[in-house]
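Below you'll find the structure, written out as structure tokens, and then a few comments.
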Amino acid sequence: MIRVLILFALVRAAAAAELEAVVKNERGEPVAEAVVVAVPDVPAPKPARAKPEQVEQIDQEFVPRVKAVLVGSAVSFPNRDGVRHHVYSFSAAKRFDLPLYVGTPANPVIFDSPGVVTIGCNIHDWMVGYIYVAESPYYATTDAKGIARLSGLPGGAYTVRAWHPQLASPEATTRRRMELAEAGRLEWVLALKPEVRVRRAPTSRGSGRY
Amino acid sequence: MIVRLLQSLQSRIVIFFLVLLALVQGVALALLQKANERNARQHIRQELAVGERIFRRLSEQNAGRLTQAVEILALDFAFRQAVATHDLPTIQSVLLNHGARIQADRMALIALDRRLITDSLDPQSAGRAFALPQLVEAAERDGRATGIVMHGTRAYQVVLVPVLAPTPIAWAMFGLLVDDRLAKDVRTVSALDVAFFGRTAGEPWTPLGATVSASLQDRFAHALEAPQRTVLELDENHALVIPLTAYQADVVAVLSSSMEEAMAPFQQLGTLLVVLVAGSLAACVVGSIFIARGVTRPLSALGEMTRRMEQGDYAQPVELTGPHEVSELAHRFNLMREAIAAREAQVTRLAYRDPLSDLPNRTLFNDRLRVAIEVAKRSATAVTVLLMDLDRFKNINDALGHHIGDLVLQQVAQRLTGLVRKSDTTARLGGDEFAVLLNSAGVEEAHSVAQKIVALLEQPIEVSQQTLDVSASIGVAGFPAHGEDADTLMRHADAAMYAAKRANIGVAVYDPHMHERREEELSLLSELRQAIDWGELRLVYQPKVDLSRGELMGVEALVRWQHPTKGLVPPDRFIPFAEETGFVRTITSWVIDAAVKQAAAWRAAGRPLKVSVNISVHDLQNPELVEVLTASLERHRLPASQLLLEITESGVMRDAARAIEMLKRVDEVGVGCAIDDFGTGYSSLAYIKQLKVDELKIDRSFIRTLVSDPKDRAIVLSTIDLAHNLGLVVVAEGVEDGASAQLLRELGCDQMQGYHVSQPLDAAAFETWAAARAAGRRSSIS
Numbered sequence: 003m004i005r006v007l008i009l010f011a012l013v014r015a016a017a018a019a020e021l022e023a024v025v026k027n028e029r030g031e032p033v034a035e036a037v038v039v040a041v042p043d044v045p046a047p048k049p050a051r052a053k054p055e056q057v058e059q060i061d062q063e064f065v066p067r068v069k070a071v072l073v074g075s076a077v078s079f080p081n082r083d084g085v086r087h088h089v090y091s092f093s094a095a096k097r098f099d100l101p102l103y104v105g106t107p108a109n110p111v112i113f114d115s116p117g118v119v120t121i122g123c124n125i126h127d128w129m130v131g132y133i134y135v136a137e138s139p140y141y142a143t144t145d146a147k148g149i150a151r152l153s154g155l156p157g158g159a160y161t162v163r164a165w166h167p168q169l170a171s172p173e174a175t176t177r178r179r180m181e182l183a184e185a186g187r188l189e190w191v192l193a194l195k196p197e198v199r200v201r202r203a204p205t206s207r208g209s210g211r212y
Numbered sequence: 013m014i015v016r017l018l019q020s021l022q023s024r025i026v027i028f029f030l031v032l033l034a035l036v037q038g039v040a041l042a043l044l045q046k047a048n049e050r051n052a053r054q055h056i057r058q059e060l061a062v063g064e065r066i067f068r069r070l071s072e073q074n075a076g077r078l079t080q081a082v083e084i085l086a087l088d089f090a091f092r093q094a095v096a097t098h099d100l101p102t103i104q105s106v107l108l109n110h111g112a113r114i115q116a117d118r119m120a121l122i123a124l125d126r127r128l129i130t131d132s133l134d135p136q137s138a139g140r141a142f143a144l145p146q147l148v149e150a151a152e153r154d155g156r157a158t159g160i161v162m163h164g165t166r167a168y169q170v171v172l173v174p175v176l177a178p179t180p181i182a183w184a185m186f187g188l189l190v191d192d193r194l195a196k197d198v199r200t201v202s203a204l205d206v207a208f209f210g211r212t213a214g215e216p217w218t219p220l221g222a223t224v225s226a227s228l229q230d231r232f233a234h235a236l237e238a239p240q241r242t243v244l245e246l247d248e249n250h251a252l253v254i255p256l257t258a259y260q261a262d263v264v265a266v267l268s269s270s271m272e273e274a275m276a277p278f279q280q281l282g283t284l285l286v287v288l289v290a291g292s293l294a295a296c297v298v299g300s301i302f303i304a305r306g307v308t309r310p311l312s313a314l315g316e317m318t319r320r321m322e323q324g325d326y327a328q329p330v331e332l333t334g335p336h337e338v339s340e341l342a343h344r345f346n347l348m349r350e351a352i353a354a355r356e357a358q359v360t361r362l363a364y365r366d367p368l369s370d371l372p373n374r375t376l377f378n379d380r381l382r383v384a385i386e387v388a389k390r391s392a393t394a395v396t397v398l399l400m401d402l403d404r405f406k407n408i409n410d411a412l413g414h415h416i417g418d419l420v421l422q423q424v425a426q427r428l429t430g431l432v433r434k435s436d437t438t439a440r441l442g443g444d445e446f447a448v449l450l451n452s453a454g455v456e457e458a459h460s461v462a463q464k465i466v467a468l469l470e471q472p473i474e475v476s477q478q479t480l481d482v483s484a485s486i487g488v489a490g491f492p493a494h495g496e497d498a499d500t501l502m503r504h505a506d507a508a509m510y511a512a513k514r515a516n517i518g519v520a521v522y523d524p525h526m527h528e529r530r531e532e533e534l535s536l537l538s539e540l541r542q543a544i545d546w547g548e549l550r551l552v553y554q555p556k557v558d559l560s561r562g563e564l565m566g567v568e569a570l571v572r573w574q575h576p577t578k579g580l581v582p583p584d585r586f587i588p589f590a591e592e593t594g595f596v597r598t599i600t601s602w603v604i605d606a607a608v609k610q611a612a613a614w615r616a617a618g619r620p621l622k623v624s625v626n627i628s629v630h631d632l633q634n635p636e637l638v639e640v641l642t643a644s645l646e647r648h649r650l651p652a653s654q655l656l657l658e659i660t661e662s663g664v665m666r667d668a669a670r671a672i673e674m675l676k677r678v679d680e681v682g683v684g685c686a687i688d689d690f691g692t693g694y695s696s697l698a699y700i701k702q703l704k705v706d707e708l709k710i711d712r713s714f715i716r717t718l719v720s721d722p723k724d725r726a727i728v729l730s731t732i733d734l735a736h737n738l739g740l741v742v743v744a745e746g747v748e749d750g751a752s753a754q755l756l757r758e759l760g761c762d763q764m765q766g767y768h769v770s771q772p773l774d775a776a777a778f779e780t781w782a783a784a785r786a787a788g789r790r791s792s793i794s
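First to last, the sequence lines map onto chains B and E. Going by this note's numbering, the first residue of the first sequence is number 3, and it counts up by one from there. Going by this note's numbering, the first residue of the second sequence is number 13, and it counts up by one from there.
In structure tokens form, the structure reads like this:
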């Protein structure tokens with residue numbers, strides 16, 4: 003597990019290419035929490051072990067809401083609230099169910115299939131989180147400015163795609179081909195669906211919305 | 013009928029108030045009704061508006077209930093798990109389980125790709141495309157969708173929510189059937205009737221459920237058009253059409269309320285008002301009849317009184333109590349009635365009473381006679397009329413003045429009324445003429461009554477300390493014996509009275525001959541007028557001789573009428589009628605002239621004779637008599653002393669004053685005068701003293717019985733003495749024999765006249781007679 007990590011760092015260090023991706027919506031506003039994944043034509047060397055990831059529950063929300071992980075990653079769901087949570091997923095990529103717990107469940111969940119795993123809490127219906135399980139190690143999530151920086155990419159040909167929880171069209175339609183040498187830049191304008199969410203319970207604090 | 017009704021004041025008053033009140037009440041009712049309708053309509057509108065809010069709230073509640081249930085379902089972990097793992101039997105059982113909790117009628121699960129996973133209405137539909145993509149679109153857009161959808165001919169209020177895990181993995185739908193039950197629920201809370209209608213594109217409106225009758229649903233369905241919020245007015249039903257949120261269909265709820273229901277409270281009030289109106293109309297009729305009676309009853313009473321007055325009944329006063337005006341009017345009417353009664357009584361008295369005697373007058377008598385005849389005709393009884401005339405009443409008037417005459421008439425009237433029955437009528441017809449109507453009395457009875465009257469009147473009458481003898485002549489005529497009608501009876505009674513007077517017999521019953529004679533007299537009278545012109549009148553002469561010496565002293569000229577067909581008509585057959593008509597003056601003039609002419613002829617022949625001419629009492633009234641005399645004397649150159657006028661004592665007494673005056677004037681022209689028929693005229697010596705007369709001729713009635721009756725002899729003797737003392741020549745008339753002549757001679761009578769001397773002779777015969785007598789006398793003397 004540790005070796006995989008070291009190898010990954012070496013590869014990054016060996017390649018100096020960097021990709022800046024910008025995601026906007028149709029109104030030209032920056033879109034945060036979009037995941038951009040670059041898949042090289044030449045498969046990247048598999049890291050020995052994927053680094054452990056975590057999605058916390060803070061103030062009855064998943065933090066971060068969108069979490070991109072490399073396939074095979076183990077994700078733990080530490081509960082930072084005073085209340086219990088019951089995290090589950092019925093997504094095809096990963097079905098799991100962590101019955102009511104406080105603190106961090108003993109075993110992390112291994113996401114061994116690429117795809118989007120939507121996670122919820124059975125007792126807090128408004129809590130929605132997404133774990134994007136990427137097949138490529140080159141991915142990033144846009145910040146509030148809609149910018150995601152992918153770094154340490156070896157030069158070569160890539161297929162780059164973008165995903166967002168509210169993406170109206172299938173993810174495949176966002177695919178781009180590009181030759182990456184030192185630095186590259188891509189921009190997406192995504193059509194987004196309205197978000198369907200359960201309203202937060204009135205007693206809960208926070209900025210819960212639909 | 014209506015016109016007659018309106019002619020009555022009472023009806024007019026009643027109808028006026030009735031119509032007025034009915035109009036006012038009718039208008040008030042109509043206004044009220046209109047206001048009520050407006051109120052009711054407004055009330056319905058408000059009711060509908062409120063109903064709409066209630067209905068919407070109810071719909072929301074239903075939707076909320078559904079939503080809640082379906083959301084709970086959608087978040088059920090096991091359900092989500094079943095959905096995520098496509099465990100269809102589990103899905104269906106959970107759906108049914110949750111649906112049953114809220115008695116949902118339809119439960120369905122739709123995949124995100126809009127294919128049906130399961131639908132409780134149609135188990136075979138799994139895998140097919142969901143028929144209501146728009147509902148899903150709305151849910152995708154809004155997070156969930158509520159609305160009404162059609163399924164065949166049924167409609168469901170549905171809620172579609174996503175099954176979140178925690179993002180949508182499917183759509184869960186619950187639905188409630190829109191049906192009669194729902195309609196009943198709506199009515200329970202809104203108190204309005206409700207009906208639901210739905211249609212899919214191109215289809216007519218279909219009733220879904222209602223609380224109203226099927227027929228009304230049909231009518232609503234007909235009236236419905238686009239699903240818009242509109243108000244429908246179907247006769248008594250006011251309805252509000254509320255379009256409902258529906259997907260791929262039009263669905264409306266029709267809230268309705270009937271005017272009848274809305275009007276019900278007003279109708280009750282209206283019924284009460286109608287009763288009140290009817291009551292007030294009845295009260296108005298009664299009241300106005302009562303008031304109108306107050307006006308019309310006095311009018312009717314006064315009308316009745318005037319009707320009685322019209323019929324001559326003034327006796328009954330009108331008695332009215334009531335308002336001041338009415339009693340005052342009644343009082344005035346009574347005063348008027350009394351005044352009219354008094355005046356009419358006076359007029360009647362004037363019209364029907366003789367003011368002097370206070371007896372009925374001719375008019376009233378004739379009226380009563382006519383009535384009595386009518387009664388007698390019917391009852392087959394008799395009616396008799398006595399017509400009475402006082403003899404020589406004129407003498408009393410002339411001699412003693414009209415005042416005394418009036419008193420005499422009054423006394424006669426009193427005696428008459430005292431004699432006859434109350435039921436009989438005594439009347440003064442005018443002048444000295446009286447009449448008595450004897451009801452139910454035959455001629456015989458009437459005759460005896462008449463005799464009593466005559467007897468009664470023979471008793472002397474005392475007026476102003478004078479005693480007067482009155483006598484009367486009475487004619488009797490009776491129904492049905494002497495005439496059938498009043499005029500005839502009166503005429504016949506008159507004829508009878510005339511006959512009685514002429515015959516001096518007091519009472520005469522009518523006899524048809526009287527009438528015939530009367531007729532004959534009238535025809536004679538007309539012929540008499542021609543007699544002078546045609547020379548039918550002639551004079552005869554009766555000599556007057558001196559009793560002691562036998563000397564011819566003169567002649568009395570007597571008129572004769574030689575009628576061409578009737579022969580010689582005696583003077584008493586025509587002179588009375590000539591006197592009545594005034595024609596006697598013409599006859600007198602003719603007689604005077606003829607006599608004067610003859611006297612002049614004899615004088616010229618050497619035989620001067622004094623000629624006497626009879627004049628009538630009517631001649632005394634002729635102011636031209638003296639002129640007639642003088643003219644005749646002058647024409648024939650005869651000295652006035654050769655002419656002597658003879659006038660009867662009764663004629664003198666009939667108008668003594670005029671006689672005195674006339675004889676005085678005659679005397680002035682030198683013509684002498686003689687009083688004829690002396691002893692029959694009741695003359696007063698006081699008058700005779702004043703009369704300028706030369707001769708007194710004693711009436712033949714005394715002379716005829718002179719020899720046999722010593723009383724007559726005494727009368728004649730005293731008359732002769734009286735005359736001689738007054739310086740008058742006394743002539744005896746009607747001497748028919750020598751004994752009488754001898755006696756008269758002994759009594760000292762101066763002259764005589766009569767058949768003993770000679771009958772009247774015409775001029776030629778007289779001359780012959782005179783010549784023969786002269787020769788005889790000469791021979792006897794010689």
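Think of the CB as a built atom: it goes at the ideal place given N, C-alpha and C, for glycine as much as any other residue. A quick note: this is a predicted structure, and the numbers were derived from the prediction, not measured.
- Chain-order list of chain E residues neighbouring B/ASN124: PHE89, by C-beta distance under 8 Å.
- The straight-line gap separating the alpha-carbon atoms of E/GLY766 and E/ALA744 is approximately 8 Å.
- Taken atom to atom, the span from the alpha-carbon of E/ASP117 to that of E/ALA207 is near 19 Å.
- Contact with chain B is found for E/PRO178, since one of that chain's Cβ atoms lies less than 7 Å from the residue's Cβ.
- The beta-carbon separation of E/LEU540 and E/ALA606, rounded to 16 Å, does not stay under the 8 Å limit for a contact.
- Not a single CB atom of chain E sits nearer than 7 Å to the CB of B/THR106.
- Collapsing the DSSP output to three states places E/ASN109 in a helix.
- At a Cβ-Cβ threshold of 7 Å, E/THR437 and E/ARG380 count as neighbours.
- DSSP places B/CYS123 within a strand segment (E or B) once states are collapsed to three.
- For a Cβ distance threshold of 8 Å, residue set PHE92 of chain B lies close to E/GLN93, ordered along the chain.
- By the Cβ test, the stretch 574-588 of chain E is not in contact with the stretch 764-778 of chain E, since fewer than three Cβ pairs between them sit closer than 8 Å.
- Any Cβ of chain B closer than 7 Å to the Cβ of E/ALA96 would place that residue at the interface, and such an atom is present.
- Membership of E/ARG550 in the beta strand (DSSP E) is indicated by the continuous run 549-558.
- Think of a sphere of 9 Å around the beta carbon of B/VAL130: the chain E residues whose beta carbon falls inside it are LEU176, PRO178 and THR179, in chain order.
- Looking at the backbone, the Cα of B/ASN27 and that of E/VAL263 are separated by about 39 Å.
- Excluding its 5 nearest sequence neighbours in each direction, E/GLY454 has C-beta neighbours in its own chain below 6 Å: ALA394, listed in chain order.
- Per DSSP, the beta-bridge partners of E/VAL519 are E/ILE486.
- The beta carbon of B/ASP127 sits closer than 7 Å to some beta carbon of chain E.
- Distances from the alpha-carbon of E/VAL173 to those of E/ARG92, E/LEU246, E/HIS98 and E/ALA384 put E/ARG92 closest.
- A Cβ of chain E is located within less than 7 Å of the beta carbon of B/THR120.
- Under a 10 Å Cβ-count criterion, E/VAL201 is classified as exposed, with fewer than 16 other Cβ atoms of the shown protein chains found around its own Cβ.
- One Cα belongs to E/ALA138, the other to B/LYS96, and the distance between them is close to 27 Å.
- In the DSSP assignment, E/VAL26 falls within the unbroken alpha helix (DSSP H) covering 21-87.
- Less than 7 Å divides the Cβ of E/GLN146 from the Cβ of E/GLN260.
- Nearest in C-alpha terms to E/VAL461, of all of E/ASP631, E/GLY159, E/ALA493 and E/VAL521, is E/VAL521.
- Non-local beta-carbon contacts of E/PRO239 in its own chain, meaning distances under 6 Å to residues more than five positions away in sequence, involve PRO255, ASP262 and VAL264 in chain order.
- Non-local C-beta neighbours of E/ALA222 in its own chain, meaning closer than 7 Å and more than five positions away in sequence, comprise ASP192, ALA195, VAL206, ALA207, PHE208 and GLN229, ordered along the chain.
- For the stretch 145-156 of chain E, the beta-carbon criterion of a distance under 8 Å to any beta-carbon of chain B is satisfied by GLU152, ARG153 and GLY155.
- Looking only at E/LEU441, E/ASP749, E/VAL82 and E/PHE714, the smallest Cα-Cα distance to E/ILE727 is reached by E/PHE714.
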